[in-house]
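Participant:
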Amino acid sequence: MAEVLTELQNVSIAEACAVALAVAYLILAIRQNVLCWLAAFVSSLIYLTVFYTAQLYMESALQIFYAAMAAYGYWQWTRGGTDASGLRITIWSLRQHANALTLILTASLSFGYLMSRTDAAFPYVDSFTTVAAIVTTYMVALKVLENWLYWFVIDSVSVYVYLERGLTLTALLFVVYLVLIVIGWRRWWIDWRASGV
Numbered sequence: 315m316a317e318v319l320t321e322l323q324n325v326s327i328a329e330a331c332a333v334a335l336a337v338a339y340l341i342l343a344i345r346q347n348v349l350c351w352l353a354a355f356v357s358s359l360i361y362l363t364v365f366y367t368a369q370l371y372m373e374s375a376l377q378i379f380y381a382a383m384a385a386y387g388y389w390q391w392t393r394g395g396t397d398a399s400g401l402r403i404t405i406w407s408l409r410q411h412a413n414a415l416t417l418i419l420t421a422s423l424s425f426g427y428l429m430s431r432t433d434a435a436f437p438y439v440d441s442f443t444t445v446a447a448i449v450t451t452y453m454v455a456l457k458v459l460e461n462w463l464y465w466f467v468i469d470s471v472s473v474y475v476y477l478e479r480g481l482t483l484t485a486l487l488f489v490v491y492l493v494l495i496v497i498g499w500r501r502w503w504i505d506w507r508a509s510g511v
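Here the sequence shown stands for residues 315 to 511, numbered as in the working numbering.
1. When you compare only the Cα positions, how much space is there between histidine 411 and isoleucine 344?
2. Under 8 Å between the Cβ atoms of alanine 512 and tyrosine 464?
3. Please report the Cβ distance between leucine 459 and isoleucine 403, rounded to the nearest whole angstrom; I am assuming they are in contact, meaning their Cβ atoms lie under 8 Å.
4. Taking only three categories from DSSP, how would you classify valine 458?
5. Pull up the CB-CB distance for alanine 455 and tyrosine 380, whole angstroms please, since I reckon it's below 8 Å.
6. Would you check if the distance between the CB atom of threonine 443 and the CB atom of serine 472 is smaller than 8 Å?
7. Please list, in chain order, all residues of the same chain as tryptophan 351 whose beta carbon is under 6 Å from its beta carbon, the five residues on each side excluded.
8. Which stretch, first to last residue, makes up the alpha helix (DSSP H) that contains valine 496?
9. Checking the sheet assignment: what are the DSSP bridge partners for threonine 404?
10. Could you give the residue range of the alpha helix (DSSP H) that holds glycine 592?
11. Taking just the CA atoms, how far does alanine 435 sit from leucine 342?
12. Please state the DSSP three-state secondary structure of aspartate 440.
13. Would DSSP call serine 422 helix, strand or coil?
14. Take isoleucine 306 and list the residues in its own chain whose beta-carbon comes closer than 7 Å to its own, dropping the five residues that flank it on each side.
15. For tyrosine 427, count neighbouring C-beta atoms within 10 Å of its own C-beta (all shown protein chains included) and say buried if the count is 16 or more, exposed if not.
16. Pick helix, strand or coil for arginine 409, following the three-state DSSP scheme.
17. How is alanine 338 classed by DSSP in three states: helix, strand or coil?
18. Helix, strand or coil for serine 358 per DSSP?
19. Roughly how many whole angstroms lie between the Cα atoms of alanine 354 and alanine 336?
Laid out in structure tokens, this is it:
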């Protein structure tokens, strides 16, 4: 515990701001509040530099994607859907999940191999969390219910990586995320069931 407290004293202001905005994003996403995308956009821009400094290059690159997806998610949630009035929660078929998982595995191995040729920390694990997060962020933008299950796996792995790289506050954020993911899953599941889709 003393080690964690010492690490928390060394947290940068940038990391603290990124964490606060990331928590705001998830809470707003659980509530299906479109402002979640603004919080995600700003948090991503801050995390871009935090992760680059920690030599997590794939995670750093992921932040560029997150910023772009924040704009796309905002648009989808406000103007997407068949009647251009926003999206409703949906579920994916087994085939769509099989395709997503195949893409995640193949791309993770490919990027992991490329990153292993650099000074990247945890090249394969970093590539997995990055690729899986790309696919899962797309699922959130489309309001796919199962995104919460994907996030649970990704965030569980991420806790270890962030602790190993000295990003203690971010690791704690992802522990909080694990709890919020369960809440998000339940809330979206109830809303999906109520919509009768």
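All residues carry an ideal CB built from backbone N, CA and C; glycine is no exception.
Facilitator: Quick look at the numbers:
1. Roughly 22 Å separates the two Cα atoms.
2. Nothing can be reported for residue 512, as the shown portion of the chain is limited to 315 through 511.
3. Confirmed, Cβ separation roughly 5 Å.
4. Correct three-state label for valine 458: strand.
5. Between tyrosine 380 and alanine 455 the Cβ distance is about 11 Å, and since that is not below 8 Å, they are no contact.
6. Result yes, Cβ atoms of threonine 443 and serine 472 sit closer than 8 Å.
7. The residues Ala384, Gly387 and Tyr388, in chain order, have a CB closer than 6 Å to that of tryptophan 351 in the same chain once the five nearest residues on each side in sequence are set aside.
8. In the DSSP assignment, valine 496 falls within the alpha helix (DSSP H) that extends over 482-509.
9. Answer is Val458.
10. A query on residue 592 cannot be resolved here, the shown segment of the chain reaching from 315 to 511 and no further.
11. When rounded, the distance between both Cα atoms is 32 Å.
12. Correct three-state label for aspartate 440: helix.
13. In the structure shown, serine 422 sits in a helix (DSSP, three-state: H, G or I).
14. Any answer about residue 306 is impossible in this case: the structure gives the chain only from 315 up to 511.
15. Answer is exposed; the Cβ neighbour count stays below 16.
16. In this structure, DSSP gives arginine 409 a helical state, which the three-state scheme calls helix.
17. Helix.
18. Note: serine 358 maps to helix in three-state DSSP.
19. Within the model, the alpha-carbon separation for alanine 354 versus alanine 336 is close to 6 Å.
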